[in-house]
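J.: A single structure is presented below for examination.
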Amino acid sequence: MDLSIFQFPFMQRALIAGIILAALLALLGVFVMLKKMTFFADGIAHASLGGIALGLLLSFNPLIVALLASLVFALIIYLVEKKYQFASDTTIGIIFTGGMSLGLILISFKSGYQPELISFLFGNILSVGLSELWLIGLASVLIYLIVWRYFKAFILLALDSETAEISGYKTHILQPVLYMLLSATVVLGIKILGIILVSGLLIIPVAVARLSAKSFKSFVIRSIIFAELIVLIGLVVSYYLDSPTGPVIVLVGIVIFILQAAWSSLLKRKIIK
Amino acid sequence: MVDDILEVKNLSVDFGGQKILNDLSFAVKKGELVAIIGPNGSGKSTLFKAILDLIDYQGEVKVFGQKVRENYKQIGYVPQRFSFDKGFPLTVGEFLNFSSDKKNKKRINFVLTEVDMDKQQDKLLGQLSGGQLQRVLIARALLNEPKLLLLDEPTAGIDLEGEHDFYQIIEHQNKRHAMTILMISHEVNMVYGFASQVLCLNRDLFCFGHPKEVVTKEVMEKLYGQKVKLTPHSHLH
Numbered sequence: 512m513d514l515s516i517f518q519f520p521f522m523q524r525a526l527i528a529g530i531i532l533a534a535l536l537a538l539l540g541v542f543v544m545l546k547k548m549t550f551f552a553d554g555i556a557h558a559s560l561g562g563i564a565l566g567l568l569l570s571f572n573p574l575i576v577a578l579l580a581s582l583v584f585a586l587i588i589y590l591v592e593k594k595y596q597f598a599s600d601t602t603i604g605i606i607f608t609g610g611m612s613l614g615l616i617l618i619s620f621k622s623g624y625q626p627e628l629i630s631f632l633f634g635n636i637l638s639v640g641l642s643e644l645w646l647i648g649l650a651s652v653l654i655y656l657i658v659w660r661y662f663k664a665f666i667l668l669a670l671d672s673e674t675a676e677i678s679g680y681k682t683h684i685l686q687p688v689l690y691m692l693l694s695a696t697v698v699l700g701i702k703i704l705g706i707i708l709v710s711g712l713l714i715i716p717v718a719v720a721r722l723s724a725k726s727f728k729s730f731v732i733r734s735i736i737f738a739e740l741i742v743l744i745g746l747v748v749s750y751y752l753d754s755p756t757g758p759v760i761v762l763v764g765i766v767i768f769i770l771q772a773a774w775s776s777l778l779k780r781k782i783i784k
Numbered sequence: 641m642v643d644d645i646l647e648v649k650n651l652s653v654d655f656g657g658q659k660i661l662n663d664l665s666f667a668v669k670k671g672e673l674v675a676i677i678g679p680n681g682s683g684k685s686t687l688f689k690a691i692l693d694l695i696d697y698q699g700e701v702k703v704f705g706q707k708v709r710e711n712y713k714q715i716g717y718v719p720q721r722f723s724f725d726k727g728f729p730l731t732v733g734e735f736l737n738f739s740s741d742k743k744n745k746k747r748i749n750f751v752l753t754e755v756d757m758d759k760q761q762d763k764l765l766g767q768l769s770g771g772q773l774q775r776v777l778i779a780r781a782l783l784n785e786p787k788l789l790l791l792d793e794p795t796a797g798i799d800l801e802g803e804h805d806f807y808q809i810i811e812h813q814n815k816r817h818a819m820t821i822l823m824i825s826h827e828v829n830m831v832y833g834f835a836s837q838v839l840c841l842n843r844d845l846f847c848f849g850h851p852k853e854v855v856t857k858e859v860m861e862k863l864y865g866q867k868v869k870l871t872p873h874s875h876l877h
């Protein structure tokens with residue numbers, strides 16, 4: 512593989528952002544799978560269009576505005592769920608469509624073609640600027656630290672919230688914090704894959720890892736390794752094919768998933784025989 | 641010194657304008673094994689959730705003379721349903737490790753030995769039989785060395801052999817470790833040989849006391865209608 516493409520500064524920034532975000536999305540993806548929160552992630556991603564549009568309209572960094580908006584959305588989902596005992600998908604559905612509608616209306620106030628908007632919709636890791644790289648780096652470190660500190664508590668919360676409560680964990684704090692961490696991660700991931708495809712990197716690496724993992728520990732490690740592989744191969748392939756990076760990353764992930772699924776079936780057959 | 645491990649006074653629970661529990665009062669002393677019986681929808685699981693302060697209620701619940709949240713560490717709880725993704729890669733050992741805020745491999749080994757599951761630590765949770773999973777859930781409830789154990793229909797959905805093992809484990813905890821146990825059961829006849837106290841519930845408290853004294857034909861008919869058949873025997877197994 513010719514790695515000379517990484518001599519370009521924009522490719523170096525894409526590589527660093529990709530490495531940081533792939534691991535972060537895979538790590539949070541573990542909770543998404545455990546707590547069955549795929550729709551939550553997808554809902555937050557789409558709702559964040561409201562924040563992005565507001566940023567574009569105010570000429571303020573859209574990623575920061577979307578990040579802040581996503582934290583508010585996460586809190587609203589938690590509070591509505593708790594207060595009105597709605598199933599979470601109902602609340603997420605409201606936030607999903609509400610945020611998107613708000614975004615579309617705000618964008619209509621700005622005339623002319625919006626290239627930045629397209630890059631947020633479909634992702635463009637090659638356009639990551641230095642300030643965005645710093646934002647991604649700092650926010651990711653903060654998220655990693657919180658997840659690392661409360662890892663056991665989050666796992667137990669995702670597995671069985673009643674037991675988490677009886678075990679003495681403050682679930683009324685941990686639950687919204689987990690929602691906010693996931694929301695922030697999804698919004699950061701939008702930079703690589705865009706609003707529409709970001710869930711791909713949350714779900715595909717953990718799905719690949721689940722096919723072969725024999726313990727939770729190996730599941731987490733494999734999820735992160737597969738996420739890194741998917742992003743790295745996707746970056747290189749998209750460069751040489753001159754195709755949009757986000758969709759290529761997702762398709763690379765799906766190819767790896769199919770290969771792993773076939774390999775796992777083969778191994779199972781061998782064991783049975 | 642608090643004699644009563646659990647004290648419930650005038651406990652009522654309403655949900656959606658409907659009375660689920662109505663003015664219950666009772667107290668449980670140390671070392672008792674209390675069977676809670678009643679028909680479906682009689683509020684048995686709700687009673688546990690109120691005792692554990694997991695739902696809103698009126699009245700007073702005290703565990704070891706204090707609010708329950710101050711004593712969570714002394715309570716073990718096995719819920720009626722533990723639904724999880726059976727294909728999820730989580731071993732028995734990891735499950736117990738995540739269930740305790742302390743890192744205590746020794747204790748995990750000990751509780752798994754208590755329920756005869758110590759050799760299954762590396763097995764995936766989704767590969768266990770119903771009876772084995774139940775034993776792992778009991779092991780989890782024992783992790784913090786509780787003084788009070790709440791079991792919600794623990795034998796539902798497990799085979800006869802699993803049920804037999806289960807009763808042995810619970811008897812061992814009660815007699816050997818002097819653990820106070822409250823157990824919701826659908827097995828009405830079980831109470832005679834197994835429980836030291838019985839609590840009959842159907843939104844109201846119908847009986848509370850020694851099984852042979854309080855579980856009468858009249859009480860059972862009031863509780864379950866005419867369908868129930870009592871076959872008292874000294875021990876289940």
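For the protein sequence lines, the chains are D and Z, in the order given.
Under the working numbering, the letters of the first sequence match residues 512 to 784, in that order.
Under the working numbering, the letters of the second sequence match residues 641 to 877, in that order.
Quick reminder that beta carbons are idealized off the backbone N, C-alpha and C, glycines included.
Can you pull the chain Z residues whose beta carbon is under 9 Å from the beta carbon of Lys681 of chain D, in chain order?
T.: Reading the first sequence from its first residue, position 170 is the one you call residue 681 of chain D. Simply none; closest approach about 11 Å.
J.: Mapping DSSP to helix, strand and coil, what is Tyr864 of chain Z?
T.: Against the second sequence, residue 864 of chain Z aligns to sequence position 224. Helix.
J.: Just confirm the distance between the C-beta atoms of Ile706 of chain D and Leu560 of chain D, as a whole number of angstroms; I'd bet it's less than 8 Å.
T.: In the first sequence, residue 706 of chain D corresponds to position 195, counting from 1. In the first sequence, residue 560 of chain D corresponds to position 49, counting from 1. Rounded, the Cβ-Cβ distance is 6 Å, consistent with contact.
J.: Which value, in whole angstroms, describes the spacing of the CA atoms of Leu667 of chain D and Phe806 of chain Z?
T.: Within the first sequence, the letter at position 156 stands for residue 667 of chain D. Within the second sequence, the letter at position 166 stands for residue 806 of chain Z. So the two alpha carbons sit approximately 25 Å from each other.
J.: Would you mind stating whether Ala675 of chain Z and Asp644 of chain Z have Cβ atoms separated by less than 8 Å?
T.: What you label residue 675 of chain Z is simply residue 35 of the second sequence in a count that begins at 1. What you label residue 644 of chain Z is simply residue 4 of the second sequence in a count that begins at 1. The answer is no: Cβ separation not under 8 Å.
J.: Ordered along the chain, which non-local residues of its own chain (more than five positions away) have a Cβ less than 7 Å from that of Pro758 of chain D?
T.: For the purposes of this step, residue 758 of chain D is taken as residue 247 along the first sequence, with counting starting at 1. So the qualifying residues of the chain are Leu708.
J.: My assumption, with CB atoms under 8 Å, is that Gly716 of chain Z sits in contact with Leu789 of chain Z. Please give the rounded CB distance.
T.: Position 76 of the second sequence, counted from the start, is the residue given in the question as residue 716 of chain Z. Position 149 of the second sequence, counted from the start, is the residue given in the question as residue 789 of chain Z. Yes, Gly716 of chain Z and Leu789 of chain Z are in contact; Cβ-Cβ is about 5 Å, under 8 Å.
J.: In whole angstroms, what is the alpha-carbon distance linking Met819 of chain Z and Glu643 of chain D?
T.: Taking the second sequence and counting its residues from 1, one reaches residue 819 of chain Z at position 179. Taking the first sequence and counting its residues from 1, one reaches residue 643 of chain D at position 132. Those two C-alpha atoms are separated by around 58 Å.
J.: With a cut-off of 8 Å, does the C-beta of Ser685 of chain Z fall near any C-beta of chain D?
T.: Here residue 685 of chain Z corresponds to residue number 45 of the second sequence, with the count starting at 1. False, the Cβ-Cβ gap to chain D never drops below 8 Å.
J.: At least one CB of chain D closer than 8 Å to the CB of Gly824 of chain Z: is that the case?
T.: Reading the second sequence from its first residue, position 184 is the one you call residue 824 of chain Z. Per the sequence shown, residue 824 of chain Z should be read as Ile rather than Gly. Output row for Ile824 of chain Z: interface = no.
J.: Considering only DSSP beta bridges, list what Ala667 of chain Z is partnered with.
T.: For the purposes of this step, residue 667 of chain Z is taken as residue 27 along the second sequence, with counting starting at 1. Beta-bridge pairing links Ala667 of chain Z to Z:Glu647.
J.: If you measure between the beta carbons of Ser694 of chain D and Ile555 of chain D, is that distance less than 8 Å?
T.: Locating residue 694 of chain D in the first sequence gives position 183, counting from the first residue. Locating residue 555 of chain D in the first sequence gives position 44, counting from the first residue. Contact flag set, yes.
J.: Express the C-alpha separation of Ile778 of chain Z and Asn650 of chain Z in angstroms, rounding to a whole number.
T.: Residue mapping note: residue 650 of chain Z aligns to position 10 of the second sequence, counting from 1. Residue mapping note: residue 778 of chain Z aligns to position 138 of the second sequence, counting from 1. Cα to Cα, the separation comes out at about 30 Å.
J.: Determine, using beta carbons only, whether Ile798 of chain Z and Gly770 of chain Z come nearer to each other than 8 Å.
T.: Numbered from its first residue, the second sequence carries residue 798 of chain Z at position 158. Numbered from its first residue, the second sequence carries residue 770 of chain Z at position 130. Contact: yes.
J.: For Thr696 of chain D, does the count of other Cβ atoms within 10 angstroms reach 16, so buried, or fall short, so exposed?
T.: Translated into positions along the first sequence, residue 696 of chain D becomes position 185. Looking at its Cβ environment, which holds 16 or more other Cβ atoms inside 10 Å, Thr696 of chain D is buried.
J.: Could you work out which residue in Z:Asp792, Z:Phe728 and Z:Val732 is closest to Phe730 of chain D when comparing CA atoms only?
T.: Counted from its first residue, the first sequence places residue 730 of chain D at position 219. If we check each option's Cα against that of Phe730 of chain D, Z:Phe728 comes out closest.
J.: Hey, which unbroken runs of the beta strand (DSSP E) at 3 residues or more fall wholly within the region 768 to 796 of chain Z?
T.: Qualifying beta strand (DSSP E) stretches, in chain order: 788 to 792.
J.: Residues of chain Z with a CB under 8 Å from the CB of Thr674 of chain D: which are they?
T.: Reading the first sequence from its first residue, position 163 is the one you call residue 674 of chain D. Those are Tyr717, Pro719, Ser739 and Arg780, listed as they occur along chain Z.
J.: Which class does His875 of chain Z belong to by DSSP, given the choice of helix, strand or coil?
T.: As a first step, residue 875 of chain Z is located in the second sequence; it is residue number 235 there, counting from the start. Interpretation of His875 of chain Z is limited by its pLDDT of 48, a score under 50 that renders its predicted location unreliable; the figure taken from the coordinates is listed afterwards. In this structure, His875 of chain Z counts as coil in the three-state DSSP scheme.
J.: Do we get a CB-CB distance below 8 Å when we pair Ile657 of chain D with the residues of chain A?
T.: This model lacks chain A altogether, as its protein chains are D and Z.
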